[in-house]
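Inspection log for the structure reproduced underneath, given as structure tokens.
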Amino acid sequence: MSTTAELLKGAAELFPDEVVTQAHVRHLDLPGAGRFALITLDNGFDHTKPTTFGPKSLANLNTAIDQVEAEAKAGEIVGAGLTGKPFIFAVGADLKGVELLKRHEDALAIGKGGHDVFKRLSSLGVPTFAYYNGAAMGGGVEVGLHCTYRTVSAAVPAFSLPEVFLGLVPGWGGCALLPNLIGADRAVSVIIENSLNQNRQLKGKQVFELGIADALFEGADFLEQSLLWTASVLKGETEVVRAEIDRGEAWDQAVERGRFIADSKVHGAAPAAYRALDIIAAAKNGDLRQGFDAEDQALADLIMGGELRSGIYAFNLVQKRGKRPAGAPDKSLARPVNKVGVVGAGLMASQLALLFARRLEVPVVLTDIDQERVDKGVGYVHGEIDKLLLKGRINQDKANRLKAAVTGSLDKAAAFGDADFVIEAVFEEMGVKQQVFAEVEAVVPEHAILATNTSSLSVTEMASKLKHPERVVGFHFFNPVAILPLLEIVRGERTDEAALATAFGVAKKLKKTAVLVKDAPAFVVNRILVRFMGEIQNVIDEGTPVATAEKAVEPLGLPMSPLVLLELVGPAIGLHVSETLHGAFPERFTVSPNLAAVVKAGKRGFYVYDSGKPELDPEVAALLVQGDTVLTEEQVRARVLDAVAQEIGLMLDEGVVAEAQDIDLCLITGAGWPFHLGGITPYLDREGVSERVLGRRFLAEGVASVPA
């Protein structure tokens, strides 16, 4: 049987580039309580490089615990504590190391190594305390769960067990310890529900309210207050009372609730949530050793599976590639933007005005064809600012400044005469957009950038009649603007580097994930979604029941079904984009007569929700004209995925984006495509679709998959 030290040494050899966390031990005299050992986790970098646990880091913590354990045995200390460097407690396992693992036994060693080190904190012979002073995630949360007591700073901005979101389980004690600390229902919320809700984070106060921490202190003197509290606990002056855990029916109901959440989010398509729930279910008897063994096994199995590799790939895309867009020009070419103009005052234009005002903190002017529309647009923005104030997201002073910054005008010359960046969000029709740009070009300064929020029209054609087409750029946002991070930045044939650099600079200030896209019909997200939806629509038109067609793609674990998505987008917009793409690629993109009939009838979608669940609207059912070709779910799924693989292959051949990675980044950030798929291309590779359709993989072996 390998010792912990041997396990970690073997793992460290596989991961030579680890950013190593040190575990510094110092001693303090707690007033009236005695000598206390405090371990501080610190990787030597500032808060922008959070502390992680790779094999060498775990070995360092193990060595620190050796020292503290010896001191406890000798009666030299009365307790031991664990805290982090400024702003960071610890954010869990080092995922770069996990990516390198090729063998099940190496993955098992990572699980066992973490458990072996962390669980020593619960058996030191003296009470142990975790002081969550800053961000804590995954293994950072779990190391504290092994301690006897915990305090948390009210300033902690992010606290979570995000493993299920990435395709893992909390495997260093989280699944077994958390339900035994706060009850199964609350544990399911933290481990399953928050993870599957786009990795929702807890704040310090919530950590305390959930019962994860025993005390809450303000950030300014957090460690000092925690140590005073520790002294009072050790002296017996403060008694920590925790709620009794219901190990009866409530536990089983909590696990069932977790399964319902997992089913509604991933539809059985990703194993991590279900493995975590199995461990939580088994933890009901309080047998921690059995729970830790189950965590080790689940961790090893999932590390060697495609879902985690896709999850890490997706995480890296969003965190790294998303922040350094491929093909973006040198940022020194960007021009300053001190005033923004918005053409149009409808819902999309108003959302854009609010975003520009909040993020850029510069004057924003909306224009439209009549005063009523302008007033409505400005009124919408002011109303949204009031909502932010009510929720405590901004203070009164900020609200006043933002409202003053957003104004409206009917006079484009007065509105845009000194604007540096003007974006149009008018009706999606080429003639209308060309006319708007001609009017704007006549009144803006020479340096001003003209941006279009078109979702499918040619930026090149839109700019073709202008004196300066080089300053026109596509700036395609996704709805709802405040929530979806993606911004497709479209380079027209004549767009110059300065316009492009300015667009990327603005995108960064807007906190959007910008991807450079060639001026091709419908760009990236809409082209793939319309091909995807078009194939669903085709099989319905040919005779497959609506329910079968919808159910066929459930194993993808998408955030919503295709026809619910169509409802969100609006059938009329869906029809318009399919017509645009049919015009460009008639052999692959169809215009569904049934969709056209639904739009003509003024229906907002295919479903009614009388029972709370989506059911086919009888009026829509009466409109549908179907053939007699009925496909099975498997046949529908194969046909849809083949079509998507073909389209992505063609887009990459055409150079619509630099690489397959950009397609995935667009789908994750613009369409909410699941992390566990890694976007779409890893899934198509994993299911053999890419090879079948294109004769090649999109990504090399080991990228979003287990290395060969």
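Counting from 1, position 253 in the sequence shown corresponds to residue 459 in this note's numbering; the numbering is continuous, with no gaps.
For glycine and all other residues, C-beta sits at the position ideal for the given N, C-alpha and C.
- Cβ atoms of Gly780 and Met739 come within 8 Å of each other, at about 7 Å.
- DSSP, reduced to helix, strand and coil, places Val752 within a helical segment of the structure shown.
- Rounded to whole angstroms, the separation of the alpha carbons of Val804 and Val632 is 24 Å.
- For Gln832, there is no enclosing alpha helix (DSSP H), as DSSP gives it neither H nor E.
- Under the three-state reduction of DSSP output, Thr708 falls in the helix class.
- Glu645 has its alpha-carbon roughly 19 Å from the corresponding atom of Ser664.
- In this structure, Val584 lies away from Val549, with their beta-carbon atoms at least 8 Å apart.
- Excluding sequence positions up to five before and after Glu305, its CB lies within less than 6 Å of the CB of Ile518, all in the same chain and listed in chain order.
- Between Ser911 and Arg892, the gap from beta carbon to beta carbon is short of 8 Å.
- With three or more CB-CB distances shorter than 8 Å, the segment 258-268 counts as touching the segment 224-239.
- With at least 16 other beta carbons inside 10 angstroms of its own, Gly389 counts as buried.
- Look at Thr246 here: in three-state DSSP terms it is strand.
- In this structure the segment 693-707 does not touch the segment 761-778; the number of beta carbon pairs closer than 8 Å is below three.
- Taking a cut-off of 8 Å on C-beta distances, the segment 367-381 touches the segment 504-515, as three or more cross pairs fall below it.
- Arg481 counts as buried, since no fewer than 16 other beta carbons sit within 10 angstroms of its beta carbon.
- Per the DSSP secondary-structure output, Glu694 pairs in a beta bridge with His682, Val721.
- Linking Asp391 to Phe791 through their CA atoms gives a straight-line distance of about 51 Å.
- Note on the segment 510-575: whole alpha helix (DSSP H) runs with a minimum of 4 residues are 512-522, 553-566, in chain order.
- Residue environment for Pro531: buried (at least 16 other C-beta atoms within 10 angstroms of its C-beta).
- With respect to Val679, Leu706 sits close: the two C-beta atoms are nearer than 8 Å.
- Around the beta carbon of Gly818, fewer than 16 other beta carbons sit within 10 angstroms, so the residue counts as exposed.
- Per the coordinates, the alpha-carbon of Thr334 lies some 13 Å from the alpha-carbon of Val446.
- Look at Glu865 here: in three-state DSSP terms it is coil, with no helix or strand label.
- In the three-state scheme derived from DSSP, where H, G and I count as helix and E and B as strand, Gly464 is classed as helix.
- Contact between the segment 500-512 and the segment 672-687 is absent: fewer than 3 CB-CB pairs across the two stretches fall below 8 Å.
- Glu756 and Thr660 have their C-alpha atoms roughly 29 Å apart.
- Taking each of Arg356, Val826, Asp859, Leu608 in turn and checking the Cα distance to Ser432, the smallest one comes out for Arg356.
- For Val413 against Tyr338, the beta-carbon gap comes to about 7 Å, under 8 Å, which counts as contact.
- Look at Ile655 here: in three-state DSSP terms it is strand.
- Around the beta carbon of Pro799, a 10 Å sphere encloses fewer than 16 other beta carbons of the protein chains shown; the residue is thus reported as exposed.
- Remark: fewer than three beta-carbon pairs, one from each stretch, lie closer than 8 Å, so the segment 534-545 and the segment 601-619 are not flagged as touching.
- The beta carbon of Ala802 sits closer than 8 Å to the beta carbons of Leu781 from its chain, once the five residues preceding and following it are set aside; these are given in chain order.
- The continuous alpha helix (DSSP H) containing His310 extends over residues 310-324.
- In the DSSP annotation of this structure, the continuous segment of the beta strand (DSSP E) that includes Gly290 starts and ends at 285-290.
- With the rule of 3 Cβ pairs closer than 8 Å, the segment 392-409 counts as touching the segment 466-478.
- For Met857, the enclosing alpha helix (DSSP H) has its first and last residue at 839-860.
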